[in-house]
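In the numbering used here, the protein residues as written are 349 to 527.
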């Protein structure tokens, strides 16, 4: 039965690996105000590579969120989209970062009319370096994952403000007031 074996192998090869709950990177950082923000290069939903260093001279808002198309993440993204013009008038660029694939980001963007760039960090290396990876407690179940976090980076590349363990309601307004 070589045909059945080939089919099973092909099916296994095309199956995507499940997301793990263990930390994807041994290097979990924390950022404080005044720190030089770690540079990164990640692929965006626009098909381009985006580096933090490409935006020197501008304020950059990087918000980390757990997953596309979940209720809290959708509300947060829609709030950032509604405030996009206000961020732009203040010279700020907004990036949303999660482990989701580019295809997922594109579906999320299109479904909700998002007008800023979503970046994919599938191995969560940037997420961990920026202090947005940690223990989460949902309904008494503890696991490791993305902790909703927003970091404002000033035009000089230094961390201006960190919002750890973000609650979605009113968050974008607080970020806008800090830009």
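Each residue gets a CB set at the ideal place from its N, CA and C atoms; glycine is no exception.
Per-residue burial, residue i [other beta carbons within 10 Å of its own, 16 or more giving buried]
{"i": "residue 483", "result": "exposed"}
{"i": "residue 413", "result": "buried"}
{"i": "residue 436", "result": "exposed"}
{"i": "residue 489", "result": "exposed"}
{"i": "residue 448", "result": "buried"}
{"i": "residue 451", "result": "exposed"}
{"i": "residue 469", "result": "buried"}
{"i": "residue 493", "result": "buried"}
Whether residue i touches residue j by CB criterion (9 Å)
{"i": "residue 410", "j": "residue 400", "result": "yes"}
{"i": "residue 510", "j": "residue 479", "result": "yes"}
{"i": "residue 424", "j": "residue 514", "result": "yes"}
{"i": "residue 406", "j": "residue 459", "result": "no"}
{"i": "residue 428", "j": "residue 445", "result": "no"}
{"i": "residue 392", "j": "residue 498", "result": "no"}
{"i": "residue 467", "j": "residue 390", "result": "yes"}
{"i": "residue 527", "j": "residue 438", "result": "yes"}
Bridge partner(s) assigned by DSSP for residue i
{"i": "residue 424", "result": "Partner(s): none; residue 424 has no beta bridge."}
{"i": "residue 398", "result": "390"}
{"i": "residue 462", "result": "DSSP lists no partner for residue 462."}
{"i": "residue 483", "result": "492"}
{"i": "residue 456", "result": "None, per the DSSP bridge assignment."}
Beta-carbon contacts of residue i that lie in its chain and below 6 Å, excluding the five residues immediately before and after
{"i": "residue 518", "result": "none"}
{"i": "residue 350", "result": "Its pLDDT being 46, under 50, residue 350 is placed unreliably by the model, and nothing is read from it."}
For residue i, the nearest candidate out of the options (CA to CA)
{"i": "residue 386", "options": "527, 514, 506", "result": "506"}
{"i": "residue 379", "options": "512, 431, 396", "result": "512"}
{"i": "residue 394", "options": "433, 383, 456, 504", "result": "456"}
{"i": "residue 417", "options": "431, 492, 469, 454", "result": "454"}
{"i": "residue 520", "options": "383, 398, 431", "result": "431"}
{"i": "residue 388", "options": "472, 503, 524", "result": "472"}
{"i": "residue 516", "options": "474, 419, 508", "result": "419"}
{"i": "residue 474", "options": "381, 382, 398", "result": "398"}
Own chain residues within Cβ distance below 7 Å of residue i, not counting five before or after
{"i": "residue 421", "result": "413, 414, 415"}
{"i": "residue 426", "result": "460"}
{"i": "residue 530", "result": "Outside the displayed span of the chain (349 to 527) sits residue 530, for which this structure offers no information."}
{"i": "residue 384", "result": "505, 506"}
Contacting residues, own chain, Cβ-Cβ under 8 Å from residue i (five flanking each side not counted)
{"i": "residue 522", "result": "511"}
beta-carbon residue i near the ligand GDP non-hydrogen atom, thresh 8 Å
{"i": "residue 512", "result": "In the structure on display, the ligand GDP does not appear, and there are no ligands present to speak of."}
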